[in-house]
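Each residue of the sequence shown is one higher than the one before, starting from -14 at the first, in our numbering. For every residue, glycine included, the Cβ atom is placed at its ideal position computed from N, Cα and C. In this text, all values refer to a predicted model and were calculated from it rather than measured experimentally.
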Amino acid sequence: MTIIVTGGAGFIGANFIFYMLREHPEDRIVCVDKLTYAGNLSTLKEVMGKPNFRFVKLDICDREGVYRLFEEEKPDVVVNFAAESHVDRSIEDPSVFLQTNIIGTGVLMDACRKYGIERYHQVSTDEVYGDLPLDRPDLFFTEETPLHTSSPYSSSKAGADLLVMAYHRTFGLPVTISRCSNNYGPYQFPEKLIPLMIANCLNDRPLPVYGRGLNVRDWLYVEDHCKATDLIIRRGRVGEVYNIGGHNEMRNIDIVRLICRALGKPERLITYVTDRKGHDMRYAIDPAKIHAELGWLPETRFAEGIQRTIDWYLTHRDWWEEIVSGEYQHYYERMYGDR
Ligand code: NAD
Ligand code: DAU
-14 MTIIVTGGAG FIGANFIFYM LREHPEDRIV CVDKLTYAGN LSTLKEVMGK
36 PNFRFVKLDI CDREGVYRLF EEEKPDVVVN FAAESHVDRS IEDPSVFLQT
86 NIIGTGVLMD ACRKYGIERY HQVSTDEVYG DLPLDRPDLF FTEETPLHTS
136 SPYSSSKAGA DLLVMAYHRT FGLPVTISRC SNNYGPYQFP EKLIPLMIAN
186 CLNDRPLPVY GRGLNVRDWL YVEDHCKATD LIIRRGRVGE VYNIGGHNEM
236 RNIDIVRLIC RALGKPERLI TYVTDRKGHD MRYAIDPAKI HAELGWLPET
286 RFAEGIQRTI DWYLTHRDWW EEIVSGEYQH YYERMYGDR
């Protein structure tokens, strides 16, 4: 199979590419990425030379470029990870979220219709369901939970989901959607909670906790998300949504304290800052459907996954220090400038 993976120079997309090249060496992976501030080509350097891997710098909103690529590659499957993914940035400037997350998704699906496809898979998020109250631990997001978004980010992701389902019903496009909870693991951009706190701890900088740190997220190790995505594209039912999450709810403040402890740093680094506007209180996924239909269960326990993640950031300081300094943005020019 030839699989186009969009957003593959980002956190989850890159981990997915590593997973797929390892588990399915017979498949060809074509990574499409615009290399926004969140895309880091150096993440993919180990796989760049593989004969069954190709990197293409391309904006998914560039219709002509996308059509040209489909003509060349004739993909069997498209997995769309490409997105603006950070909630705080969507509060600062929603417009690029609408452009990439909705218009870009439409362009990819038009290409799928025009050239034919076995499967289009949309990587969505649990944030499309809005949030749950802290005092109702019995409530979880199922695939039937109504869409009820809070931020421009989650609204743009929900808009894309609706468009994907419309292309299935109207044009018969063979689609699936997955909605996963918060991921953590190697190569996550240090603007997100866990890598930001690790990087700040290591630099003895303040640890900015929003509000009182009581918001709850349902954390999943990134490789478990990759495995679930692989199962869905191979065995998931067309036209279906699958929630992905591991019943691992934690308060932000407890995560930050845990990171301090693991790195031997004092909790006095913790600084409570003004809350995020519209801040969702609690996310919690019910993964019963993907478990029943595809046999998926998370394999990495949080205690093990967070230690592995912390160790990774300790041993890959170059990767995140280049990001923090902005140096990584010159990597593409260094690699490709003269070619
Ligand atoms: P990320 O921000 O780390 O990576 C996004 C990637 O998309 C980057 O490499 C970026 O360069 C690329 N990109 C952005 N705009 C593009 C465009 N117009 N054309 C081509 N490439 C473009 O994001 P992530 O955390 O890896 O998330 C990947 C996907 O998973 C997103 O769709 C996100 O909504 C979803 N998701 C993320 C999480 C999470 O916890 N991080 C959880 C559930 C779902
Ligand atoms: O649930 C899935 C979503 O998880 C994905 O769709 C998003 O792409 C991904 O970014 C993530 O969204 P969150 O907003 O939950 O992640 P973030 O890491 O930004 O924040 C996690 C929690 O930590 C949230 O309650 C806000 C809080 N926070 C975050 C940062 C960056 C802080 O308290 N301080 C911080 O500095």
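By a C-beta neighbour count over all protein chains shown, 10 Å radius and 16 as the cutoff for buried, is residue i buried or exposed?
i	result
Leu299	exposed
Arg267	buried
Gly34	exposed
Tyr105	buried
Glu77	exposed
Arg197	exposed
Val113	buried
Lys212	buried
Arg246	exposed
Arg164	buried
Pro118	exposed
Ser70	buried
Gly249	exposed
Arg154	exposed
Phe40	buried
Report back the beta-carbon spacing between residue i and residue j to the nearest angstrom; my notes put them in contact at under 8 Å.
i	j	result
Pro159	Val63	Between Val63 and Pro159 the Cβ distance is about 11 Å, and since that is not below 8 Å, they are no contact.
Val327	Met150	Look at the range of the chain in this structure, -14 to 324, and you will see that residue 327 is not part of it.
Leu205	Asn237	Wrong, their Cβ atoms sit about 16 Å apart, outside the cutoff.
Ala(-6)	Thr28	6 Å
Asn0	Pro171	7 Å
Asn228	Pro180	With 8 Å as the limit, Asn228 and Pro180 do not qualify as a contact, their Cβ atoms being about 24 Å apart.
Ile(-12)	Asp18	Their Cβ separation, rounded to whole angstroms, is 14 Å, which puts Ile(-12) and Asp18 out of contact at 8 Å.
Val258	Pro193	4 Å
Val15	Pro60	7 Å
Asp215	Glu8	7 Å
Just to confirm the assignment, what range does the beta strand (DSSP E) spanning residue i have?
i	result
Leu279	First-last for Leu279: 273 to 279, but that is the alpha helix (DSSP H), not the beta strand (DSSP E).
Asp18	13 to 18
What are the start and end residues of the alpha helix (DSSP H) that includes residue i?
i	result
Lys42	It is not in any alpha helix (DSSP H) - Lys42 instead sits in the beta strand (DSSP E) that spans 38 to 42.
Ile308	302 to 310
Cys165	No alpha helix (DSSP H) contains Cys165, which is instead part of the beta strand (DSSP E) from 160 to 165.
Would a check of beta-carbon distances place residue i closer than 8 Å to chain B?
i	result
Leu43	No chain B is part of this structure, which consists of one protein chain only.
Three-pair Cβ contact test at 8 Å for the region 258 to 274 versus the region 303 to 312 = The answer is no - the region 303 to 312 does not touch the region 258 to 274, with fewer than three Cβ pairs under 8 Å.
message = Tell me whether the region 175 to 191 and the region 248 to 256 touch, counting them as touching only if at least three CB pairs, one residue from each stretch, are closer than 8 Å.
response = Short answer: they touch.
message = Could you check whether the region 281 to 289 touches the region 128 to 147, counting it as contact only if at least three pairs of C-beta atoms, one from each stretch, sit closer than 8 Å?
response = Verdict: no, contact absent.
The region 33 to 51 / the region 86 to 93 touching (three or more Cβ pairs under 8 Å) = The region 33 to 51 vs the region 86 to 93: in contact.
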